[in-house]
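Numbering (the UniProt record's numbering), first residue to last: 1 to 242.
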């Protein structure tokens, strides 16, 4: 985890230590959040009604709908990193028929020693099947307890429940896998990197929450802010300073 984020093991231990203060943190300045306006929410409701999106209804639009969608084309990738790999997710946006079965799939490919960042799924269970290569998989439950910390290889299948966080590090020959998800529009939250939880947190509340100096909070927020979901191999040692 420390290597994936790009911080020392000491700092990783600080943010993972047991917290006795509860879930409320005092902040000195006003905090703001972004919410959709009422007009936008109304549009979303109208669009869903027009599409008959009630989970049971089928209409004429499905008579000529596509049944196939290639998942193995790098050119269609949703996330691409020249130094790390690529991800191609097939949801109802690319294959509308998936809305009927409420399923989706994703093809992932990591270069040797690259990372799929620590993340969790908000609305779906995930079934990960390794199609080529080998790597290391770590999974923790929604209480932060480690439940899986093993090497994985071609032909192996792993189930990751909703809200369980996981990360993959490719082995020396890289790794390819397919993930099947129990939602046609899956949502996941990366812990680090661009568009992640840490990047979104205000600096001062982060420092107060984890009881760390501002300089270390800056490391958590910005060490990986130029990468999204896939991190290239690290060249720096992040061992403890003790």
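Using N, Cα and C, we set each Cβ at its ideal position, and we do this for glycine too.
- From the DSSP output, in three-state form, read off residue 209 for me. On the chain shown, position 209 is the one that residue 209 refers to. Note: residue 209 maps to helix in three-state DSSP.
- Query: Just the Cα atoms here: how many angstroms apart are residue 129 and residue 141?
  - Reply: Here the question's residue 129 lines up with position 129 in the chain shown. Here the question's residue 141 lines up with position 141 in the chain shown. Going by the C-alpha atoms only, they are around 20 Å apart.
- DSSP three-state assignment for residue 252, whether helix, strand or coil: An answer regarding residue 252 cannot be provided, because it is not within the stretch 1 to 242 covered by the chain.
- Extent of the continuous alpha helix (DSSP H) to which residue 220 belongs: As a first step, residue 220 must be located in the chain shown, where it is residue number 220. Here the alpha helix (DSSP H) through residue 220 covers 214–222.
- Query: Based on Cα-Cα distance, which residue from 133, 144 and 137 lies nearest to residue 159?
  - Reply: Within the chain shown, residue 159 is the residue found at index 159, counting from 1. The residue with the shortest Cα to Cα distance from residue 159 is 137.
- Item | Best match in 231, 168 and 224 for proximity to residue 152 [C-alpha to C-alpha] | Against the chain shown, residue 152 aligns to sequence position 152. Comparing Cα positions, the closest option is 168.
- Below 8 Å between beta carbons: does that hold for residue 133 and residue 171? As a first step, residue 133 is located in the chain shown; it is residue number 133 there, counting from the start. As a first step, residue 171 is located in the chain shown; it is residue number 171 there, counting from the start. Yes, the Cβ-Cβ distance between residue 133 and residue 171 is below 8 Å.
- Query: First and last residue of the beta strand (DSSP E) that includes residue 110?
  - Reply: Position 110 of the chain shown, counted from the first residue, corresponds to residue 110. Element bounds for residue 110: 104–110.
- Item | Which listed residue (202, 115 and 106) has its alpha carbon closest to that of residue 233 | Start at 1 with the first residue of the chain shown, and residue 233 comes out as number 233. Ranking the options by Cα distance to residue 233, first place goes to 115.
- Query: Touching or not, the stretch 117–128 and the stretch 78–98, by the rule of three or more beta carbon pairs under 8 Å?
  - Reply: no
- Item | Residue interval of the beta strand (DSSP E) (run including residue 234) | The residue given as residue 234 occupies position 234 in the chain shown. Neither: residue 234 is in no beta strand (DSSP E) and is coded neither H nor E.
- Query: What three-state label does DSSP hand residue 155 in the structure shown?
  - Reply: The residue you call residue 155 lines up with position 155 of the chain shown. DSSP places residue 155 in coil when its eight states are reduced to three.
- Task: Check whether the Cβ atoms of residue 225 and residue 199 sit closer than 8 Å, and answer yes or no.
- Result: The residue given as residue 225 occupies position 225 in the chain shown. The residue given as residue 199 occupies position 199 in the chain shown. Their beta carbons are under 8 Å apart, which means residue 225 touches residue 199 by this criterion.
- Item | Sequence-distant residues of its chain with Cβ nearer than 8 Å to residue 213 (five each side left out) | Position 213 of the chain shown, counted from the first residue, corresponds to residue 213. Result list for residue 213: 207, in chain order.
- Between the CA atoms of residue 204 and residue 243 - distance to the nearest angstrom: Any answer about residue 243 is impossible in this case: the structure gives the chain only from 1 up to 242.
- Message: So, for residue 216: in the same chain, excluding its five sequence neighbours on each side, which residues have a beta-carbon less than 7 Å away from its beta-carbon?
- Response: By one-based count along the chain shown, residue 216 stands at place 216. So the qualifying residues of the chain are 11.
- Residues near residue 165 in its chain [Cβ-Cβ closer than 6 Å; skip 5 each side]: Reading the chain shown from its first residue, position 165 is the one you call residue 165. If we look at residue 165 and ignore the five residues flanking it on each side, its Cβ neighbours are 118, 120 and 140.
- Pick helix, strand or coil for residue 74, following the three-state DSSP scheme. Along the chain shown, read from residue 1 onward, the residue named residue 74 stands at position 74. If DSSP states are grouped into helix, strand and coil, residue 74 belongs with the helices.
- Query: Assuming residue 72 and residue 182 make a contact with CB atoms under 8 Å, what is their CB distance in whole Å?
  - Reply: Here residue 72 refers to the residue found at position 72 when the chain shown is read from its first residue. Here residue 182 refers to the residue found at position 182 when the chain shown is read from its first residue. Their Cβ separation, rounded to whole angstroms, is 22 Å, which puts residue 72 and residue 182 out of contact at 8 Å.
- Shortest alpha-carbon distance to residue 176 belongs to which of 90, 76 and 110? The sequence position of residue 176 within the chain shown is 176, counting from 1. When only C-alpha atoms are compared, the closest one is 110.
- Query: Are residue 174 and residue 112 closer than 8 Å when you measure CB to CB?
  - Reply: As a first step, residue 174 is located in the chain shown; it is residue number 174 there, counting from the start. As a first step, residue 112 is located in the chain shown; it is residue number 112 there, counting from the start. Yes, Cβ-Cβ distance for residue 174 and residue 112 is below 8 Å.
- Task: With DSSP as the reference, label residue 188 as helix, strand or coil.
- Result: Start at 1 with the first residue of the chain shown, and residue 188 comes out as number 188. Of the three classes helix, strand and coil, the one that applies to residue 188 here is strand, per DSSP.
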